[in-house]
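Student:
There are 2 protein chains.
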Amino acid sequence: MKEKSSQETQQGTSSLLIILRRYFPILDWGASYSRRTFSSDLIASVIVSIMLIPQSLAYAMMVGLPAQVGLYASMVPLLLYAVFGTSRALAVGPVAVASLMTAAAATQVAAQGSAEYLGAVIAISLVTGLLLILMGIFRMGFLANFLSHPVISGFITAAAIQIGTSQFAPLLGIRGHGENLLDLLTSMVPNLASINLYTAAIGLASLAFLYWVRLGLKPFLQGIGIGERLADLLAKVGPAIAIVATTIAVWGFGLADRGVAIVGLIPEGLPRFSLPPVQPSLWTTILVPSLLICIVGYVESISVALTLAAKRRQRVDPNQEMIALGISDVGSAISGGFPVTGALSRSVVNFDAGAQTPAAGAYTAVGVALATMFLTPLLFFLPKAVLGATIIVAVLSLVDINALKRTWFYSKADFAAMAATILMTWVEGVEVGLVVGVALSIFLHLYSTSRPHIAVVGQIPGTSHFRNVTRHTVVTDPEILSLRVDESLYFPNARFLEDIINDSVAANPDIRHIILECPAVNTIDSSALESLEAINHRLKDGGITFHLSEVKGPVMDRLKRSHFLKELTGKVYLTQYEAVSSINPELAQQTREAKS
Amino acid sequence: MKEKSSQETQQGTSSLLIILRRYFPILDWGASYSRRTFSSDLIASVIVSIMLIPQSLAYAMMVGLPAQVGLYASMVPLLLYAVFGTSRALAVGPVAVASLMTAAAATQVAAQGSAEYLGAVIAISLVTGLLLILMGIFRMGFLANFLSHPVISGFITAAAIQIGTSQFAPLLGIRGHGENLLDLLTSMVPNLASINLYTAAIGLASLAFLYWVRLGLKPFLQGIGIGERLADLLAKVGPAIAIVATTIAVWGFGLADRGVAIVGLIPEGLPRFSLPPVQPSLWTTILVPSLLICIVGYVESISVALTLAAKRRQRVDPNQEMIALGISDVGSAISGGFPVTGALSRSVVNFDAGAQTPAAGAYTAVGVALATMFLTPLLFFLPKAVLGATIIVAVLSLVDINALKRTWFYSKADFAAMAATILMTWVEGVEVGLVVGVALSIFLHLYSTSRPHIAVVGQIPGTSHFRNVTRHTVVTDPEILSLRVDESLYFPNARFLEDIINDSVAANPDIRHIILECPAVNTIDSSALESLEAINHRLKDGGITFHLSEVKGPVMDRLKRSHFLKELTGKVYLTQYEAVSSINPELAQQTREAKS
C-alpha cells in the first residue's frame, strides 16, 4: 500500500513524505486508522489507565513529590509519544527505576519537599529529554551499548530491591530515608518500634492482597469459568480494587485521625505550563545523572518495544524511539512532571489487551486527564501505605536473582561486573553503582582481549591445512615458526604479540622465519601496526624474516596505507600453505610424499 | 652451560635457583662475568656517565629541585637495576617526560622550592616504585596496554615540546612557569623584554653548538678520518664540552655578577637515607599521578629494552622489568631522588658503546658518585642556560610530528585520540592529557567494534562456499537469510545484531529461517548471549527458525553452559553448507546441477 501511493505521487513529494513519516510515525499508522482499530485501542487504554493511575501516584510519592505530579507525568508525555513513537504497543509513563534515579539526582540539588526540589526534578526531566533527542538525531544509540547486559540487569535488580525496601516506610507508617540501601536500612531499623498499627494493617493487608492478585487471581478467575485472556486482564486491575477498598476503609473508620498517612488534597484540573529554574550550577550537577537516566530508561524501553514488535513482525526504529522518548520527557518537564519511559509491565498489558497503535497511549492520557479532573476528591483518603504496597509488588517483577546464577555459570568476568554494580548501588547509590559497573565491564572486556589465543600451527601431512601443534599431529620446520592469531590486533593486545614473539625467538635459536597467520584478524589499529613494525624491525636485527598470511581484504587495504608492507622483511601470502611451501618447498614435498 | 649445571645439582636446589635467577637476574649473568665483559662495560659506563651528569643536573632543575638531587637519582637506582634488571643494555636514570610529570604532580601538593615540595617528589618516587613492584609481582603489565600507541606517542611529543619551550626561560634568563604549554607561554611572553643578554648569549650559543654536535659532529669527525663508531660516541659527549666551556667562561669573565644564573653550591658527598613525609592527604593526591608516571615510564623503558635485546637475540622479562624499575624508584626515593626509568638516548649509547651486562649501569653509578664527591666544586659556575640548552636538544629526539601524519593516513580514530592527547596536554596539563587520551581511545575502540561487518551470504553455485551477496554471484533461498558476522559478539555490538535481524525480518516477509554464520566470532559474552536469546525468542514469535553455523570450539563450549542451545528453535551446524542443505535439500541439489 505504502509503496504504491509513493509511486503515484511525484518524486519530491514522495521523499518529503518519507522523511515526514520517519519523524512523525503517526502519519504512517494514522492514515489507515479504522473504527475497528479504535475500539481495540480504547479497550487497551481503559485497562492501562486503571493500572497507571495508582502507579503514577505511587511513583510521585517515591520521587518525593505531591501525588498530582505523577498524574501530570502520565498525560502530555503519552500524547507526544503517540505522535512520535514507532512502537505500536509501548506504554509510556512513570516507571520505578527512572523515578528512583530522579530522586537520587534531585536530592543532590535540594531538600525533598522544597520548591527547589520540584524545580530540580523538572530540570532533570528536561535535560534527559534533550539528551535523548540529540542522541536520536545524531544516531548515537550505540552509547546505550556501553551499558552491558550484566550491568543493566544487576542495576535493575539492585534498584528494585532498594525501591521495595524503601516502601516499607510508608507501608508500616515509619520514617526512613536514604540514597542507598545501606543508609535506608540504618535509618529505618531504629524506627521499627514506632510502627503505626493501623497503617501497618492496611499496608500488610494490601501487600498480601496484591501479591495474591499477582499470583493467584488469574488461576482463581479461570477456576470459576472466566476465559484465560479476560482473567489475565482482570488480574491487572486488581490494584485498583485495593485502592478503592482501603480508601473507603480509611474514610469509613476515620483512620486518618489515628495516624494513617493519606494522600490528602490533590489539586483538580490539568497541569499548567512550567519552566525549570535557570541556575548554571544546577545544570552541571544534573548533567551526568540525566545522561544515566536517559540511557537506562532508553535501554529498558527499547527492549520491551523490540520484544512486542517481534510478536507481530512490526518494525521499531531505535533512533526514532530515542527522539520520541526525548520529546515525551521534554513534554513531561514543561507540564510539571518527572522523567518517563516505556514501562515493562504496562506495555505487556497494553499489548495483551489488544492495543494496535500508539493511539492507545493517547487514550490512556485522556483517561488519566479525566480522572485528574473528576476523581481526585475521591482520592483524599487514599492511604499512602497502599501505594507503598503497589510499588513493592510492581518492582518484584524487576528482581532477577536467577540472572546472577546464570551469569556466574556463563562468564565469571560478567558476573564480577554484575556483582560490583549491585554492591556499589546498594552501598554508594545508583550513580556510583552504574558508573562503576560500566567502567568495570569495559576494563574486563579490554583485559579479556589483552591475552588473545595465539596458536603455534603446523601442516597436517598430505593436506594444505594448518592446525594447532598441541592438538594435532602436524609437520613443522624448526626454521619456520607459524603462529595463528585468533583475535583482532589492537591496543589492548598489541604488546602481548610482541612478548610472545620475543619469547619464542629467545627460546628457539634455530628460527629463521616467522609467519603470522591472520584469518581471524578483523582489524589492525595503529598500536598493533606499531607493534608489527617493532616486531619486524627486531626480527630483522636478529636475522629472522617476518611473513604474514591469510590477511583479510579490508585489513590489507589499510596496511597498504602504511610503510609496514615496504619495510616487511618477508612477504604477505594468500594462504598459510603458500607461505610455507614458498619458504621451504622441500617440506611441502615431504608431506605430500608422507601421504602417498 | 646453564642447563648442564642445573642437571648436575639436585632437583630442589635447581628450582630454587630458577626462582632466584628470575628475581635476581644478576645471578644469571654474574656467574659468567669475565674480564673481557668488564672492560666492555667499563668503557660504555664512562661514556654514559659523561652524558648523564649534565642531564641529571638539568632534569633536577626541570623538576624544580637543587642540582644534587639529579645526581642522587643517578646512583642508587642504577645499582639496584644492575641487580634486578633483565635488560643487558638499558641505561636507567632521570628522563625528561617522567621529570615533567613529577613536577606537575608535586606542584599540586606544595610550592616549588619548599621542603614540602621535595617531600612530595620523594613520596611520588616511592609510590611510583611500589606500584611498579606490585604490578610486576601480580603480572599486571597489561595495564600498560590501556595506553594505546597513538596516545603515548602523542603524549611524548606534546610533553617534549612543552619541556623544550619551558627551557627557553633559563636559556634566555627570563622568568616563566606553568603547568601546561598555554600557561607557560602566557607567563613567558611578557618577560621577553627582560632578557639577560649574557645569559641569552651563553644559552643560544650552547644551543647552536649542541645542535651542531647532534647533527654535524659525527660527519665532521668522520671527515677528519675518525672511524664511524668512535665518531658516533665522541658526538655523544659533546654536551660535556659545552658544560666545561661555558663554566669556564662564566668563571673567567665573572658573568655570575652580570645576572647569569649559575648552579652554585652543590653539597659534596653521597646522598643520605631519606624518608617521605607521612600525610594521608599527600598520598591520595599523588596516587593517580604516580600511577601515570609508572605506566608512562614503564612503556618508554620496555620498548627501548625490547628493541636493544632483539639486536642480540636476548630475552627481556616484562614483569621482572617492572619489578626492577620499581625497586630502582624506591631506591631513588630513599636516597632523596626523583622517579627514574630506562632512558631512550642513553640506553642506545650504552648499547653502541659495547655494554654487555647491567654491570655497566653500576659502573655508571660509581662514575656519578665519584663526580659528586670530587667534581661538584667545579660545577659552581655552571650556567643554568647551558642546562636548558642540554634539555632542549635532548627532548628534540622525542618530538615525532611525522607520527601525526602517519596516523592520520592509517586511522582517523587513532589520529583523533592522538590529537586530543596533545591538545589536552598543552591546554590542561599532563595528567588531563593522558587521561582524556586513554578514555577517548577506549571509547573509539568500543565505537568501532559497535558496528561490526555483517554480510548477507549466499552459496557459490556448484561449491560448498558461501560469500557476500553484494560481491559474488550466489544462489539464495528467499526463505533463508544467511548472515555472516565478522567480529566477536560482545556488549559493544550485541544490540547492533538485534537491530540488523529485526530490520531484515520486517523488510522480508518471506523469511522462515535465519542462519548466523560465526567463523570469526572468537567470543560471545553475556550481553551478546542475552541478545541471541532475545533474537531467538522474537524470531520464534514471528514464526522464524534461528540457526547457527561454524561456531568455534571454545565459543560452543561456553554456549553449552547456558540455556540458549536448549531454547534455540533451530540447530547449530558445523558448516554453512550443511546448514543450508539440511534446511533446503533442493537448493543444494539445484546448485549442484547448475554446475554440471
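Quick note, the sequences are listed as chains P and H, same order. Counting from 571, one number per residue, gives the positions in the first sequence under the working numbering. Counting from 571, one number per residue, gives the positions in the second sequence under the working numbering. All residues carry an ideal CB built from backbone N, CA and C; glycine is no exception. Since the model is a prediction, treat every value here as computed from it, not as a measurement.
Using a Cβ-Cβ distance under 7 angstroms, would SER1096(P) count as near chain H?
Tutor: Within the first sequence, numbered from 1, the residue matching residue 1096(P) stands at position 526. It does: the Cβ of SER1096(P) has a partner Cβ on chain H nearer than 7 angstroms.
Student: Show which residues of chain P have a CB atom less than 8 angstroms away from the CB atom of GLN884(H).
Tutor: Taking the first residue of the second sequence as position 1, residue 884(H) is located at position 314. Per Cβ cutoff of 8 angstroms: ALA1076.
Student: Taking 7 angstroms as the threshold (C-beta atoms), are THR698(H) and PRO909(H) in contact?
Tutor: Translated into the one-based positions of the second sequence, residue 909(H) becomes position 339. Translated into the one-based positions of the second sequence, residue 698(H) becomes position 128. A contact, by the Cβ cut-off of 7 angstroms.
Student: Alpha carbons only, please: which of SER615(H), LEU1016(H), ALA932(H) and PRO664(H) is nearest the one belonging to PHE654(H)?
Tutor: For the purposes of this step, residue 654(H) is taken as residue 84 along the second sequence, with counting starting at 1. Cα-wise, what sits closest to PHE654(H) is ALA932(H).
Student: What in chain P is Cβ-close to SER1020(H), meaning under 8 angstroms?
Tutor: Along the second sequence, one-based indexing puts residue 1020(H) at 450. Here the neighbours are PHE712 and ASN715.
Student: Which residue comes first and which comes last in the alpha helix (DSSP H) that contains ALA1025(H)?
Tutor: Your numbering for residue 1025(H) matches position 455 in the second sequence. Here ALA1025(H) belongs to no alpha helix (DSSP H); instead the beta strand (DSSP E) covers 1024 to 1029.
Student: Does the beta carbon of ALA935(P) come closer than 7 angstroms to any beta carbon on chain H?
Tutor: Here residue 935(P) refers to the residue found at position 365 when the first sequence is read from its first residue. Output row for ALA935(P): interface = no.
Student: Any beta-carbon of chain P closer than 7 angstroms to the one on ILE588(H)?
Tutor: Here residue 588(H) corresponds to residue number 18 of the second sequence, with the count starting at 1. No, ILE588(H) lies away from the interface with chain P (no Cβ there is under 7 angstroms from its Cβ).
Student: For VAL1045(P), write down the residues that DSSP places opposite it in a beta bridge.
Tutor: Within the first sequence, numbered from 1, the residue matching residue 1045(P) stands at position 475. Answer by DSSP bridge pairing, in chain order: GLN1029(P).
Student: Any C-beta of chain H within less than 9 angstroms: which residues of the region 917 to 930 of chain P qualify?
Tutor: Within the region 917 to 930 of chain P, no residue has a Cβ that lies closer than 9 angstroms to any Cβ of chain H.
Student: Along chain P, in chain order, which residues have C-beta atoms closer than 7 angstroms to that of TYR1017(H)?
Tutor: The residue you call residue 1017(H) lines up with position 447 of the second sequence. Going along chain P in sequence order, the residues near TYR1017(H) (Cβ under 7 angstroms) are PHE712.
Student: Output yes or no for whether 7 angstroms exceeds the beta carbon distance between ASP611(P) and GLN926(P).
Tutor: In the first sequence, the residue the question calls residue 611(P) occupies position 41. In the first sequence, the residue the question calls residue 926(P) occupies position 356. In this structure, GLN926(P) lies closer than 7 angstroms to ASP611(P) by Cβ.
Student: As a quick exercise: from ASP1047(H), LYS954(H), LEU840(H) and GLY711(H), pick the residue whose alpha carbon is nearest that of THR769(H).
Tutor: Taking the second sequence and counting its residues from 1, one reaches residue 769(H) at position 199. Out of ASP1047(H), LYS954(H), LEU840(H) and GLY711(H), LYS954(H) has the C-alpha closest to the C-alpha of THR769(H).
Student: Taking Cβ-Cβ distances shorter than 9 angstroms, what residues in chain P pair up with GLY1112(H)?
Tutor: Residue 1112(H) sits at position 542 when you count from the first residue of the second sequence. Within chain P, the residues near GLY1112(H) are ALA880, LYS881, ARG882 and ARG883.
Student: Could you tell me which of ILE613(H), SER585(H) and LEU586(H) sits nearest to ALA929(H), measuring between CA atoms?
Tutor: On the second sequence, residue 929(H) is found 359 positions in, with the first residue counted as 1. Cα-wise, what sits closest to ALA929(H) is ILE613(H).
Student: From LYS881(P) to VAL874(P), what distance separates their C-alpha atoms?
Tutor: As a first step, residue 881(P) is located in the first sequence; it is residue number 311 there, counting from the start. As a first step, residue 874(P) is located in the first sequence; it is residue number 304 there, counting from the start. Cα-Cα distance, rounded: 11 angstroms.
Student: By a C-beta neighbour count over all protein chains shown, 10 Å radius and 16 as the cutoff for buried, is ALA685(P) buried or exposed?
Tutor: In the first sequence, residue 685(P) corresponds to position 115, counting from 1. So ALA685(P) ends up on the exposed side.
Student: Have a look at VAL965(P) and LEU780(P) and give me their C-alpha separation to the nearest angstrom.
Tutor: As a first step, residue 965(P) is located in the first sequence; it is residue number 395 there, counting from the start. As a first step, residue 780(P) is located in the first sequence; it is residue number 210 there, counting from the start. When rounded, the distance between both Cα atoms is 12 angstroms.
Student: Check the Cβ-Cβ distances between PRO1048(H) and every residue of chain P, and say whether any is below 7 angstroms.
Tutor: Position 478 of the second sequence, counted from the first residue, corresponds to residue 1048(H). Not one chain P Cβ lies under 7 angstroms of PRO1048(H).
Student: Roughly how many angstroms lie between the CA atoms of LEU974(H) and LEU1135(H), to the nearest whole one?
Tutor: Residue 974(H) sits at position 404 when you count from the first residue of the second sequence. Residue 1135(H) sits at position 565 when you count from the first residue of the second sequence. In a straight line, the C-alpha of LEU974(H) is about 48 angstroms away from that of LEU1135(H).
Student: With a 10 Å radius around its C-beta and 16 neighbouring C-beta atoms as the bar for buried, classify GLN577(H) as buried or exposed.
Tutor: Residue 577(H) sits at position 7 when you count from the first residue of the second sequence. Interpretation of GLN577(H) is limited by its pLDDT of 45, a score under 50 that renders its predicted location unreliable; no figure is taken from the coordinates.
Student: Work out the CA separation of GLY824(H) and ALA935(H) for me, nearest whole Å.
Tutor: Here the question's residue 935(H) lines up with position 365 in the second sequence. Here the question's residue 824(H) lines up with position 254 in the second sequence. So the two alpha carbons sit approximately 33 angstroms from each other.
Student: Taking 7 angstroms as the threshold (beta carbon to beta carbon), is PHE725(H) in contact with chain P?
Tutor: To locate residue 725(H), count along the second sequence from 1; it is residue 155. So, not an interface residue.
Student: I want to verify the contact list: residues of chain P whose CB lies under 7 angstroms from the CB of TYR1060(H), in sequence order.
Tutor: Counted from its first residue, the second sequence places residue 1060(H) at position 490. Here the neighbours are HIS1015.
Student: Determine the DSSP secondary structure at ASN1038(P), reduced to helix, strand or coil.
Tutor: Residue mapping note: residue 1038(P) aligns to position 468 of the first sequence, counting from 1. ASN1038(P): strand per DSSP, three-state reduction.
Student: Straight-line CA distance for TRP996(H) to ILE726(H)?
Tutor: By 1-based counting over the second sequence, the position of residue 996(H) is 426. By 1-based counting over the second sequence, the position of residue 726(H) is 156. One C-alpha to the other measures close to 12 angstroms.
Student: Which residue wins for smallest C-alpha separation from PRO1089(H), given the options LEU1118(H), ALA1076(H), ASP1080(H) and ASN1072(H)?
Tutor: Here residue 1089(H) refers to the residue found at position 519 when the second sequence is read from its first residue. Comparing Cα positions, the closest option is LEU1118(H).
Student: Quick one: what's TYR1143(P) bridged to in DSSP?
Tutor: As a working note, residue 1143(P) is residue 573 in the first sequence. Paired residue(s): SER1119(P).
Student: Which residues share a DSSP beta bridge with THR911(H)?
Tutor: Looking up residue 911(H) in the second sequence gives position 341. DSSP lists GLY663(H) as partners of THR911(H).
Student: Give me the Cα-Cα distance between TYR1147(H) and TRP978(P), rounded to the nearest whole angstrom.
Tutor: In the second sequence, residue 1147(H) corresponds to position 577, counting from 1. In the first sequence, residue 978(P) corresponds to position 408, counting from 1. Answer to the nearest angstrom: the Cα atoms are 35 angstroms apart.
Student: Classify ALA659(H) as buried or exposed, calling it buried when 16 or more other Cβ atoms lie within 10 Å of its own Cβ.
Tutor: Position 89 of the second sequence, counted from the start, is the residue given in the question as residue 659(H). Buried, because 16 or more other Cβ atoms sit within 10 Å of the Cβ of ALA659(H).
Student: So with Cβ pairs under 7 angstroms, would you call PHE979(H) a contact of chain P?
Tutor: To locate residue 979(H), count along the second sequence from 1; it is residue 409. Chain P contact via Cβ: present.
Student: If we cut at 7 angstroms on Cβ distances, does ASP1080(P) have a partner in chain H?
Tutor: Here the question's residue 1080(P) lines up with position 510 in the first sequence. Output row for ASP1080(P): interface = no.
Student: Just the C-alpha distance for ILE865(P) and GLY896(H), rounded to the nearest angstrom, thanks.
Tutor: Sequence index remark: in the first sequence, residue 865(P) carries index 295 (1-based). Sequence index remark: in the second sequence, residue 896(H) carries index 326 (1-based). Approximately 42 angstroms, taken between the alpha carbons.
Student: So PHE951(P) and VAL820(P) are supposed to be a Cβ contact under 8 angstroms. How far apart are they, rounded?
Tutor: Here the question's residue 951(P) lines up with position 381 in the first sequence. Here the question's residue 820(P) lines up with position 250 in the first sequence. 4 angstroms between Cβ atoms; contact.
Student: Any idea which residues DSSP pairs GLU1087(P) with across the strands?
Tutor: Translated into positions along the first sequence, residue 1087(P) becomes position 517. Answer by DSSP bridge pairing, in chain order: ARG1054(P) and SER1119(P).
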